[in-house]
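**Q** There's a structure below that I have some questions on.
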Amino acid sequence: MSTVPFTEPEERVALREAVSKLAGSYGHSYVAEKTRNGEKLTELWQDMGKHGFLGVNIPEEYGGGGGGMADLSAVLEELAAAGAPLLMMVVSPAICGTIISRCGTEEQKQHWLPKIADGSIIMAFAITEPEAGSNSHRITTTATKDGDEWVIKGQKTYISGVDEADAILVVSRTADAKTGKLKPALFVMPTDAKGLERQVIPMDFHAPEKQFQLFIDNVRLPADALVGDEDGGIWQLFAGLNPERIMGAALSLGMARFALDKAVEYAKTRQVWKDVIGTHQAIAHPLAKSKIELEQGRLLMQKAAALYDAGDDAGAGEYANMAKYAGGEVACNTLDVAVHTHGGNGLAQEYGLGNMLLAARLGRIAPVSREMILNFIAMHSLGLPKSY
Ligand SMILES: Cc1cc2nc3c(=O)[nH]c(=O)nc-3n(C[C@H](O)[C@H](O)[C@H](O)COP(=O)(O)OP(=O)(O)OC[C@H]3O[C@@H](n4cnc5c(N)ncnc54)[C@H](O)[C@@H]3O)c2cc1C
């Protein structure tokens with residue numbers, strides 16, 4: 008019988024310390040400056056790749072660290088806790104790296120995984136469509152076989168990091184020859200493919216990673232662009248979506264840690280009456296509540312990752328959703344508390360919390376919304392009727 012430990016193994020603790028040290032040497036000021044100048048976090052990304060941190064989940068024989076999602080999520084949590092999250096880790100090594108590791112051909116693994124692991128290429132991931140949104144069963148991007156090639160046609164929206172990616176793992180549908188029913192299929196599409204156009208979506212929160220609308224107009228791809236089996240079904244997709252949820256949780260939880268650390272420090276030092284503001288329960292209790300909710304979220308994330316790494320996809324699905332929900336909530340609540348603890352300073356650029364408040368809000372929306380998680384838990388964990 009396998010057990011899920013409540014403490015992390017020594018190697019993961021050491022991994023956290025090493026990432027924290029590296030990320031701390033860049034810090035939030037590096038990210039803030041890059042963001043203000045409209046630049047990418049290239050130095051940090053490359054440094055992380057050089058140290059092997061971006062590919063800790065990729066199998067060793069393909070240049071990775073041979074670990075799993077528990078390791079990769081620990082890496083992202085530490086980056087975010089240092090104020091220097093790398094959003095594309097959610098996509099490139101976690102979603103794309105995992106799907107290719109689990110479903111790709113030997114050639115695809117040899118071609119893509121070492122470069123994803125060392126960060127020398129970034130692979131974006133595109134599932135969301137304007138007319139489908141949360142209902143990914145409704146996507147209409149279609150792949151049609153034409154001789155030895157696939158022809159892809161459709162539209163995607165809110166796709167992160169296309170401008171820094173070399174390729175995109177595009178979720179499409181193929182028509183079942185017998186039934187005509189559409190089946191999900193995954194294709195690697197180079198970002199410079201003929202017929203692929205992109206348009207940046209202006210966002211209100213500022214981040215080095217941009218979001219794009221994609222217009223895929225009869226893009227022709229070779230036969231070996233298909234990742235996994237055309238008839239493999241939905242599990243191939245969830246091989247990547249559960250890691251995405253675990254990483255979404257890691258990003259949110261790390262941001263919450265960053266905000267809580269800052270707020271606690273401020274509460275210990277800011278004095279406007281006879282004692283520091285942390286003396287007042289109105290300031291101390293919300294911070295204590297955040298600490299408890301943060302630890303709850305971290306336990307859920309660690310359990311989700313442990314189940315995923317143990318090969319229990321169904322169990323991982325349930326806990327990845329719960330971890331993602333808990334992470335989104337604690338990040339939003341903690342950022343709000345941290346801003347409030349800082350008074351007027353909470354929204355000053357110098358403290359780095361105002362923009363993060365908006366970024367934390369993303370954790371309630373993407374990659375899967377709070378409501379869709381509640382729908383999932385109501386139906387699958389509690390056995391309640393489907394509501395939609
Ligand atoms: C910054 C950012 C980065 C992103 N990056 C990527 C990416 O790299 N790749 C990618 O493929 N996508 C990406 N997305 C898209 C993201 O996954 C979607 O925004 C998300 O899945 C929600 O879909 P939607 O925006 O269409 O909302 P909708 O589906 O239109 O939902 C709108 C609201 O209605 C609620 N709702 C919908 N259906 C139900 C229901 N049945 N019951 C109750 N409530 C419901 C939702 O919870 C939500 O609050 C990104 C989004 C953002 C904002």
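Residues 8 to 395 in my numbering are what the sequence shown lists, from first letter to last.
Don't be surprised by glycine CBs; every beta carbon is placed ideally from N, CA and C.
Compute the minimum distance between the beta carbon of Phe60 and the heavy atoms of ligand 1, and state whether it is under 7 Å.
**A** no
**Q** Return the Cβ separation of Ile175 and Ala131 in integer angstroms, given the expectation that the two are a contact with Cβ distance under 8 Å.
**A** Contact holds; Cβ gap of about 4 Å.
**Q** Please state whether the Cβ-Cβ distance between Leu307 and Ala323 is less than 8 Å.
**A** no
**Q** Would you mind stating whether Glu138 and Gly161 have Cβ atoms separated by less than 8 Å?
**A** In this structure, Glu138 lies away from Gly161, with their beta-carbon atoms at least 8 Å apart.
**Q** Touching or not, the segment 251-261 and the segment 211-218, by the rule of three or more beta carbon pairs under 8 Å?
**A** no
**Q** By DSSP, does Asn362 sit in helix, in strand, or in coil?
**A** helix
**Q** Tell me whether Val375, by its Cβ, gets closer than 7 Å to a heavy atom of ligand 1.
**A** yes
**Q** Strictly by DSSP, which residues pair up with Thr151?
**A** Val158
**Q** Tell me where the alpha helix (DSSP H) around Glu378 begins and ends.
**A** Arg377 to Phe383
**Q** Any idea if Val98 is buried or exposed, counting beta-carbon neighbours within 10 angstroms, 16 or more meaning buried?
**A** buried
**Q** Can you tell me whether Ser172 is helix, strand or coil according to DSSP?
**A** Inspection of the sequence shows that residue 172 is occupied by Ala rather than by Ser. Here Ala172 sits in coil by DSSP.
**Q** At a cut-off of 7 Å, is Tyr332 close to ligand 1 when judged by its beta-carbon and the heavy atoms of the ligand?
**A** no
**Q** Quick one, which of Ser179, His144, Asp268 and Ala345 has its alpha-carbon nearest Ala232's?
**A** For Ala232, the nearest C-alpha among the options comes from Ser179.
**Q** Let me make sure I understand the geometry here. Which of Leu248, Leu391 and Gly126 has the alpha-carbon closest to that of Glu50?
**A** The shortest C-alpha separation from Glu50 is found at Gly126.
**Q** Please indicate yes or no: does the CB of Tyr165 lie closer than 7 Å to some heavy atom of ligand 1?
**A** yes
**Q** Quick check on the burial criterion: 16 or more other C-beta atoms within 10 angstroms. Buried or exposed for Glu302?
**A** exposed
**Q** Say yes only if the C-beta of Thr14 is nearer than 7 Å to one or more non-hydrogen atoms of ligand 1, and no if none qualify.
**A** For ligand 1, not one heavy atom lies less than 7 Å from the Cβ of Thr14.
**Q** Secondary structure at Glu216, three-state DSSP: helix, strand or coil?
**A** coil
**Q** Hey, how far is the Cα of Leu120 from the Cα of Gly361?
**A** 37 Å
**Q** So the candidates are Phe13, Asn249 and Lys201; which of them puts its Cα closest to the Cα of Val226?
**A** Lys201 is the residue among Phe13, Asn249 and Lys201 whose C-alpha sits nearest the C-alpha of Val226.
**Q** Got a sec? Which residues, its chain only, sit under 7 Å from Pro293 by beta carbon, not counting five neighbours each side?
**A** Val344
**Q** Taking the alpha-carbon of Gly45 as reference, which of Met210, Ile102 and Ala263 has the nearest alpha-carbon?
**A** Met210
**Q** Hey, would you say the C-beta of Ala385 is under 7 Å away from at least one heavy atom of ligand 1?
**A** no
**Q** Whose C-beta lies closer than 7 Å to the C-beta of Gly359 among residues of the same chain, with five residues either side of it excluded?
**A** His35, Ala39 and Gly90
**Q** How big is the Cα-Cα spacing for Glu85 and Gln309?
**A** CA-to-CA, the gap between Glu85 and Gln309 works out to about 14 Å.
**Q** My output table needs one value for Ser179: the three-state DSSP class, helix, strand or coil.
**A** strand
**Q** Who are the near neighbours of Ala266 in its chain, counting only those whose CB is closer than 7 Å to its CB and skipping five residues on each side?
**A** Thr341, Leu342, Ala345, Leu360 and Met363
**Q** Among Leu221, Glu336, Ala274 and Glu272, which has the Cα closest to the Cα of Gly261?
**A** Glu336
**Q** How many Å lie between Ile102 and Glu114 at the Cα?
**A** 18 Å
**Q** In this structure, does DSSP put Val234 in helix, strand or coil?
**A** strand
**Q** Would you list the one or two residues that DSSP bridges to Ala327?
**A** BP columns for Ala327 are empty, so no partner.
**Q** For Asn225, verify whether its CB is less than 7 Å away from any heavy atom of ligand 1.
**A** no
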